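Undergrad: Would you mind keeping the following structure in view while I ask a few things?
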Amino acid sequence: MSHHRTAIVTGAARGIGAAVARRLARDGLAVALLDLRADDCAPVVDEIVAAGGSAISVSADVADEQAVASAVATVADRLGSPTVLVNNAGILRDDLLFRMDVADWDAVMGVHLRGAFLLSRAVQSFMVGERWGRIVSLSSISALGNRGQVNYSAAKAGLQGLTRTLAIELGPFGVTANAIAPGFIATDMTAATADRLGLSVDDFHASIAAQTPVRRVGQPEDVAAVAAFLVSDDASFVSGQTIYVAGGPAGTIL
Ligand code: NAP
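First residue of the sequence shown: 488, per the numbering used here; consecutive thereafter.
In C-alpha cells:
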C-alpha cells in the first residue's frame with residue numbers, strides 16, 4: 488500500500504462484513520466498522536487493534552440519510568478521508584410474492600439499495616478529491632432470481648446496475664466500482680435460512696455443498712479475499728464488474 492488509506496465497511500459487526508474489515512486491516516488500511524449499533528462492532532475493532540491495526544466503530548442505519556452523513560463525517564475526522572467503501576450491510580425478508588407485504592419490500596430496498604446509494608454519495612467527494620477510490624458492493628447469486636426473494640433478488644440485481652453506473656461516472660476520477668455476488672456463505676444470515684427451512688445448519692450445509700461444484704460452502708474469508716483484491720492498486724483496471732464468488736459458475740441457487 489503506497490500510502491495511508493481509510494475504508495468504511497457497512498454491516499461489519501459480523502459475518503462477511505467482519506471478515507472484510509479484518510482482512511482490509513491486515514492489508515494495512517484503517518477501517519471504520521459501521522453497523523446499526525457501534526457496540527456490536529467492538530469485539531472485531533478490539534481484535535484488529537490488538538493485532539496492530541487501526542479501526543473504529545460507528546453506528547448508523549445505512550438507510551438513514553442524516554445518520555449516514557454524520558457517520559461519514561466522523562470517519563473522515565477520526566481516520567482521514569474514506570476512499571474505500573464496502574457496501575455490505577444487508578437483511579433478508581423472504582416470502583413468496585403473494586404473502587410479501589410492502590414493509591418487507593421497503594425494508595430490503597432501504598438497506599441494500601438506498602443504503603448503497605447514500606454511502607456512495609457521501610464518500611464520493613473524498614474519493615474524487617483524492618483522485619483515487621474503490622467502491623465494492625455486495626450483490627448475490629440471488630440477483631439471478633430466487634424463489635421467495637422477489638425483494639432481495641431485485642435489490643441485489645439493482646446493486647449490479649448501480650455499480651456499473653458508478654463505474655462510468657467516477658472512473659474519470661480514479662475511482663473504480665465493482666460488485667461481489669456470493670453464493671452460499673456460512674453466516675448468521677444463512678443459519679436463519681436453515682431455520683426457516685426447518686433444517687439443522689449441518690444438514691443445510693451438507694446439501695448446499697453437494698450441489699456446489701467445489702463441494703463446500705463458502706466462508707466469509709472467501710469473499711474478503713476478493714474484496715481485498717478489488718480495493719487494491721492491482722485492480723485499478725477492473726471496474727463495473729460483478730464477480731461471482733460461488734464455488735462454481737453462478738446459476739445454481741439455494
Ligand atoms: P449478516 O451476518 O446478517 O450481517 C449483516 C450485518 O449488517 C449485521 O451486522 C446487521 O446488523 C447489519 N445491518 C443490517 N441492517 C443494517 C442497517 N440498516 N444499517 C447498518 N447495518 C445493518 O449477513 P452476511 O451473511 O454477512 O451478509 C453480508 C452481505 O452479503 C449482505 O449484503 C448479504 O445480502 C450479502 N450476501 C450474503 C450471502 C450469504 O450467503 N451469507 C450470500 C450473498 C450475499 P444487525 O446484526 O444489527 O442486524
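The beta carbon of each residue, even a glycine, is placed where N, CA and C say it ideally should be.
The structure displayed is predicted, hence computed values, not measured ones.
(1) On the CB-based measure, 16 or more other CB atoms within 10 Å of its CB, does T674 come out buried or exposed?
(2) Can L646 and A666 be called in contact, C-beta distance under 8 angstroms?
(3) Taking the Cβ atom as the reference point for each residue, do A715 and V573 lie within a distance shorter than 8 angstroms?
(4) Output the residue ranges of the alpha helix (DSSP H) runs that lie fully inside the stretch 500 to 556 and measure 4 residues or longer, sorted by chain position.
(5) Express the C-alpha separation of V571 and A681 in angstroms, rounding to a whole number.
(6) Flag S694 as yes when its Cβ comes closer than 7 angstroms to any non-hydrogen atom of the ligand NAP, and as no otherwise.
(7) What's the call for V545, buried or exposed, on a 16-neighbour Cβ count within 10 Å?
(8) What is the DSSP secondary structure of M614, counted as helix, strand or coil?
(9) Rounded to whole angstroms, what is the Cα-Cα separation between L631 and G539?
(10) So G648 and A576 are in contact, right, with Cβ under 8 angstroms, and what is the actual spacing, rounded?
(11) When the Cβ atoms of the stretch 657 to 664 are set against those of the stretch 723 to 734, are three or more pairs found closer than 8 angstroms?
(12) Do E708 and A506 have their beta-carbon atoms positioned less than 8 angstroms apart in this structure?
(13) Taking 7 angstroms as the cut-off, is the beta-carbon of A494 closer than that to any non-hydrogen atom of the ligand NAP?
(14) Tell me, which residues are paired with G705 by DSSP?
(15) Could you check where the alpha helix (DSSP H) with S640 kicks off and where it finishes?
(16) On the three-pair Cβ rule with 8 angstroms, is the stretch 596 to 609 touching the stretch 550 to 558?
TA: Inspection of the coordinates gives the following:
(1) In the sequence shown, counting from the first residue as 1, residue 674 sits at position 187. Per the 10 Å Cβ criterion, buried.
(2) For the purposes of this step, residue 646 is taken as the residue at position 159 of the sequence shown. For the purposes of this step, residue 666 is taken as the residue at position 179 of the sequence shown. For L646 and A666, yes; Cβs fall inside 8 angstroms.
(3) In the sequence shown, the residue the question calls residue 715 occupies position 228. In the sequence shown, the residue the question calls residue 573 occupies position 86. Taking 8 angstroms as the Cβ cut-off, A715 and V573 do not qualify as a contacting pair.
(4) 502 to 513, 529 to 537
(5) In the sequence shown, counting from the first residue as 1, residue 681 sits at position 194. In the sequence shown, counting from the first residue as 1, residue 571 sits at position 84. For A681 and V571, the distance between alpha carbons rounds to 33 angstroms.
(6) For the purposes of this step, residue 694 is taken as residue 207 along the sequence shown, with counting starting at 1. Because no heavy atom of the ligand NAP lies under 7 angstroms away, the Cβ of S694 does not count as near it: no.
(7) The sequence position of residue 545 within the sequence shown is 58, counting from 1. Buried, by the Cβ-count rule.
(8) Here residue 614 refers to the residue found at position 127 when the sequence shown is read from its first residue. Correct three-state label for M614: helix.
(9) Locating residue 631 in the sequence shown gives position 144, counting from the first residue. Locating residue 539 in the sequence shown gives position 52, counting from the first residue. Roughly 40 angstroms separates the two Cα atoms.
(10) As a working note, residue 648 is residue 161 in the sequence shown. As a working note, residue 576 is residue 89 in the sequence shown. The Cβ separation is near 19 angstroms, so there is no contact.
(11) yes
(12) Taking the first residue of the sequence shown as 1, we reach residue 506 at position 19. Taking the first residue of the sequence shown as 1, we reach residue 708 at position 221. Yes. Within cutoff.
(13) Within the sequence shown, residue 494 is the residue found at index 7, counting from 1. Answer for A494: no, Cβ out of range of the ligand NAP.
(14) What you label residue 705 is simply residue 218 of the sequence shown in a count that begins at 1. According to DSSP, which records beta bridges pairwise, G705 is partnered with I672.
(15) Within the sequence shown, numbered from 1, the residue matching residue 640 stands at position 153. Unbroken alpha helix (DSSP H) run through S640: 637 to 657.
(16) yes
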